[in-house]
Amino acid sequence: MSELWLDITDIPATGREFSFSDQSIWTGSIGEFDLPHRLDVPGTGLAATFTVLPQNRGALVRGRLAGKVVTPCDRCAEETMLDVAVDFELFEETPVDGEQSLEPGLLRRRGQVLELDVASLLWEQFLLALPAKPLCDENCPGLCPQCGASLKNGPCSCSKEEGDPRLAVLRQLKVPNGSKQRH
Ligand SMILES: [Zn+2]
Ligand SMILES: [Zn+2]
Numbered sequence: 028m029s030e031l032w033l034d035i036t037d038i039p040a041t042g043r044e045f046s047f048s049d050q051s052i053w054t055g056s057i058g059e060f061d062l063p064h065r066l067d068v069p070g071t072g073l074a075a076t077f078t079v080l081p082q083n084r085g086a087l088v089r090g091r092l093a094g095k096v097v098t099p100c101d102r103c104a105e106e107t108m109l110d111v112a113v114d115f116e117l118f119e120e121t122p123v124d125g126e127q128s129l130e131p132g133l134l135r136r137r138g139q140v141l142e143l144d145v146a147s148l149l150w151e152q153f154l155l156a157l158p159a160k161p162l163c164d165e166n167c168p169g170l171c172p173q174c175g176a177s178l179k180n181g182p183c184s185c186s187k188e189e190g191d192p193r194l195a196v197l198r199q200l201k202v203p204n205g206s207k208q209r210h
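Numbered by the working numbering, the letters in the sequence shown go through residues 28 to 210 in order.
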């Protein structure tokens, strides 16, 4: 994962706003985890803006990540451009010297300097912004389970000839008396 630590030591109590749109924050991890998402297509890309508010024993981070990502459809695998957006607000505790935290947070102290792990923050928010099953269209018919052809542009040849064997059984059950049996 790409590293990006932000110095948040001297932020006034009213907070300070930060913006990030360097795509390598996300593309580095996409490549590392071998994920199929792409941000390098014209018109795509992500941007994040957030405010850091110092608190007694940590910091409040509040912001939004939004943009466009190209990703394969969960049903037909065709690349499709998605709008993603997520609002976030999280409290991060300042690590205490000498105490080993079981769950390392997004803040670290280096001497007197307090730093926020921006790469991890924005990567987590990106994963949260993505739909679990991205679809090119909510009515996407997906792929034929027999021949693997995309059914988006009409039925494949095998669905005409045989159809789904499970459906064929149902069809026979439904044939009313007297009607012709199709072959
Ligand atoms: Zn699809
Ligand atoms: Zn087919």
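For each residue, glycine too, the CB sits at the ideal point set by N, CA and C.
### Message
Assuming valine 96 and leucine 87 are in contact, meaning their beta carbons sit under 8 Å apart, how far apart are those beta carbons, in whole angstroms?
### Response
The residue labelled residue 96 in the question sits at position 69 within the sequence shown. The residue labelled residue 87 in the question sits at position 60 within the sequence shown. About 27 Å separates the two Cβ atoms, so there is no contact after all.
### Task
Using only the heavy atoms of ligand 2, determine whether one of them is closer than 7 Å to the beta carbon of glutamine 82.
Within the sequence shown, the letter at position 55 stands for residue 82. Answer for glutamine 82: no, Cβ out of range of ligand 2.
### Query
How big is the Cα-Cα spacing for lysine 207 and cysteine 174?
The residue you call residue 207 lines up with position 180 of the sequence shown. The residue you call residue 174 lines up with position 147 of the sequence shown. Only weak support is given to the placement of lysine 207: the predicted model assigns it a pLDDT of 49, under 50, and the value that follows is read from those uncertain coordinates. Roughly 29 Å between the two C-alpha positions.
### Query
Regarding leucine 157 and ligand 1, is the C-beta to nearest heavy atom distance less than 7 Å?
For this step, residue 157 is matched to residue 130 along the sequence shown. Incorrect: leucine 157 has no Cβ contact closer than 7 Å to ligand 1.
### Query
Hey, quick one: how far does the beta strand (DSSP E) through glutamine 82 stretch, first residue to last?
Residue mapping note: residue 82 aligns to position 55 of the sequence shown, counting from 1. Unbroken beta strand (DSSP E) run through glutamine 82: 72-82.
#### Entry: When Asp34, Thr107, Ser56 are compared against glutamate 165, the one with the closest alpha-carbon
The residue labelled residue 165 in the question sits at position 138 within the sequence shown. Among Asp34, Thr107, Ser56, the Cα nearest to that of glutamate 165 belongs to Thr107.
### Task
In angstroms with no decimal places, state the Cα-to-Cα distance between aspartate 34 and aspartate 101.
Residue mapping note: residue 34 aligns to position 7 of the sequence shown, counting from 1. Residue mapping note: residue 101 aligns to position 74 of the sequence shown, counting from 1. So the two alpha carbons sit approximately 39 Å from each other.
### Query
Quick one: does the C-beta of cysteine 171 sit closer than 7 Å to a heavy atom of ligand 1?
The sequence position of residue 171 within the sequence shown is 144, counting from 1. Not so, every heavy atom of ligand 1 lies at least 7 Å from the Cβ.
### glycine 85, DSSP secondary structure in three states
Locating residue 85 in the sequence shown gives position 58, counting from the first residue. DSSP places glycine 85 in strand when its eight states are reduced to three.
### Query
DSSP three-state call for serine 29: helix, strand or coil?
Within the sequence shown, residue 29 is the residue found at index 2, counting from 1. Residue state, collapsed to three classes: coil.
### Query
What are the boundary residues of the beta strand (DSSP E) that includes phenylalanine 45?
The residue labelled residue 45 in the question sits at position 18 within the sequence shown. Here the beta strand (DSSP E) through phenylalanine 45 covers 43-47.
### Task
Could you spell out the range, first to last residue, of the alpha helix (DSSP H) harbouring phenylalanine 153?
Start at 1 with the first residue of the sequence shown, and residue 153 comes out as number 126. Its alpha helix (DSSP H) spans residues 145-156.
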